[in-house]
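Student: Chains as they are written, first to last, in the working numbering: chain F, 82 to 197; chain W, 6 to 118. Just so you know, even glycine gets a beta-carbon here, dropped at the ideal spot from N, CA and C.
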Amino acid sequence: AQKVTQAQTEISVVEKEDVTLDCVYETRDTTYYLFWYKQPPSGELVFLIRRNSFDEQNEISGRYSWNFQKSTSSFNFTITASQVVDSAVYFCALSEAHTGRRALTFGSGTRLQVQP
Amino acid sequence: NAGVTQTPKFQVLKTGQSMTLQCAQDMNHNSMYWYRQDPGMGLRLIYYSASEGTTDKGEVPNGYNVSRLNKREFSLRLESAAPSQTSVYFCASSESRRDEKLFFGSGTQLSVL
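Written out as structure tokens, the structure reads:
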């Protein structure tokens, strides 16, 4: 069965610090997709990135970067030079291509607080 | 572009009352979902509809029913509300492929007293 673990419940940093949010997943499928979503205080979830299991290339988008390592079943998210606007709950999620439900399985989320 | 619209935004029920949460999307998506969000639990799938005319149970379906009324609309019904159903409910939609991202509504905060 698919499972996503975000062991960090809450992280607090000071503005301009770098912060890494951890995500570990479990799946029996050989093809799967990993996602990160952001939930700001307004409540609506916003898509950040999607990665398929065949693409282990790290991705950078501005201050955001993602490190996908199949060997450790991890898909970690780093924010460089954090800003107050980054304060939110961040969710990692998994979708299997061939097995399981045709729906995303989410981790329990990591609440990031960026202090000014 | 409205995206995914949920109604109501807030609701307070007494134990045993029934209600229906409404969800509509205007993106011509095939798949729709209902999730609940509880502190420390993340988002858990209640029911989903991979395509019009089909519905399937998710991780926590007990106490809920759903109706995929048409391609646009997917409603969630609580027949006899219980305090354990106090939660924030999110509707989402996507194309039918499993690698497609979800588009979420703004959520419904439900309290059952």
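Determine the direct distance from the alpha carbon of glycine 8 of chain W to that of methionine 32 of chain W, and round the result to whole angstroms.
Tutor: Near 6 Å, if we compare the C-alpha coordinates of glycine 8 of chain W and methionine 32 of chain W.
Student: Is the region 73-93 of chain W touching the region 100-119 of chain F in the sense that three or more CB pairs, one from each, lie closer than 8 Å?
Tutor: As far as the Cβ criterion goes, the region 100-119 of chain F does not touch the region 73-93 of chain W, which means the pair count is below three.
Student: Counting only C-beta atoms, is lysine 76 of chain W closer than 8 Å to chain F at any point?
Tutor: So, not an interface residue.
Student: Exposed or buried, which one is leucine 115 of chain W when buried takes at least 16 other CB atoms within 10 Å?
Tutor: Looking at its Cβ environment, which holds 16 or more other Cβ atoms inside 10 Å, leucine 115 of chain W is buried.
Student: How far does the beta strand (DSSP E) with phenylalanine 128 of chain F in it reach, from first residue to last?
Tutor: Run containing phenylalanine 128 of chain F: 127-133, per the beta strand (DSSP E) assignment.
Student: Grab me the residues of proline 121 of chain F's own chain with a C-beta within less than 6 Å of its C-beta, minus the 5 sequence neighbours each way, in chain order.
Tutor: Only Ala169 meet the Cβ criterion.
Student: Is the shortest distance between the beta-carbon of glutamate 107 of chain F and the beta-carbons of chain W less than 8 Å?
Tutor: No, because no Cβ of chain W sits closer than 8 Å to the Cβ of glutamate 107 of chain F.
Student: Return the residues of the region 38-51 of chain W that lie within a Cβ-Cβ distance of less than 8 Å from chain F, sorted by chain order.
Tutor: Within the region 38-51 of chain W, the residues whose Cβ lies closer than 8 Å to some Cβ of chain F are Tyr38, Tyr40, Gly45, Met46, Gly47, Leu48, Arg49 and Leu50, listed in chain order.
Student: For a test of the three-state rule: what should DSSP assign to glutamine 30 of chain W, helix, strand or coil?
Tutor: Of the three classes helix, strand and coil, the one that applies to glutamine 30 of chain W here is strand, per DSSP.
Student: Please list the residues of the region 86-98 of chain W that have a C-beta atom closer than 9 Å to any C-beta atom in chain F, keeping them in chain order.
Tutor: Of all residues in the region 86-98 of chain W, Val93, Phe95 and Ala97 have a Cβ within less than 9 Å of some Cβ in chain F.
Student: Once the 5 residues before and after threonine 12 of chain W are set aside, which same chain residues still bring their CB inside 7 Å of it?
Tutor: So the qualifying residues of the chain are Gln27.
Student: Closer than 8 Å is the cut-off here; do at least three beta carbon pairs connect the region 93-112 of chain W with the region 58-65 of chain W?
Tutor: With the cut-off at 8 Å, the region 93-112 of chain W and the region 58-65 of chain W do not touch.
Student: Can you tell me where the beta strand (DSSP E) holding methionine 37 of chain W begins and where it ends?
Tutor: Per DSSP, methionine 37 of chain W belongs to the beta strand (DSSP E) from 36-43.
Student: Within a Cβ cutoff of 6 Å, which residues of the same chain sit near leucine 102 of chain F, ignoring the five residues on either side of it in sequence?
Tutor: So the list reads Phe158, Tyr171 and Thr191, once near-sequence residues are dropped.
Student: Given that glutamine 187 of chain F touches chain W, what residues does it touch there, using C-beta distances under 8 Å?
Tutor: Position check: residue 187 of chain F holds phenylalanine in this sequence, whereas glutamine was assumed. Tyr40, Gly47, Leu48 and Arg49, listed in chain order.
Student: Can you pull the chain W neighbours of glutamate 125 of chain F, defined as C-beta to C-beta under 8 Å?
Tutor: By Cβ distance, chain W contributes Phe109, Gly110, Ser111 and Gly112.
Student: Apart from the five residues on each side of it in sequence, which residues of its chain come closer than 7 Å, Cβ to Cβ, to proline 66 of chain W?
Tutor: So the list reads Ile51 and Tyr52, once near-sequence residues are dropped.
Student: Starting from arginine 144 of chain F, follow its DSSP beta bridges and name the residues at the other end.
Tutor: Answer is none; arginine 144 of chain F lacks a bridge partner.
Student: Hey, out of F:Tyr118, F:Arg131 and F:Ala82, whose CA is closest to leucine 193 of chain F's CA?
Tutor: Measuring from the Cα of leucine 193 of chain F, the nearest candidate turns out to be F:Tyr118.
Student: With a threshold of 8 Å on Cβ separation, who are the neighbours of arginine 73 of chain W within its own chain once the five nearest residues in sequence on each side are excluded?
Tutor: Once the five neighbours on either side are set aside, the close Cβ partners of arginine 73 of chain W are Met37, Ser54, Glu57, Gly58, Thr59, Thr60 and Phe79.
Student: So valine 93 of chain W is in the beta strand (DSSP E); what residue range does that whole segment cover?
Tutor: Valine 93 of chain W -> beta strand (DSSP E) spans 92-99.
Student: Would you kindly work out how many angstroms separate the C-alpha atoms of leucine 175 of chain F and proline 197 of chain F, rounded to a whole number?
Tutor: Looking at the two C-alpha atoms, the distance is approximately 33 Å.
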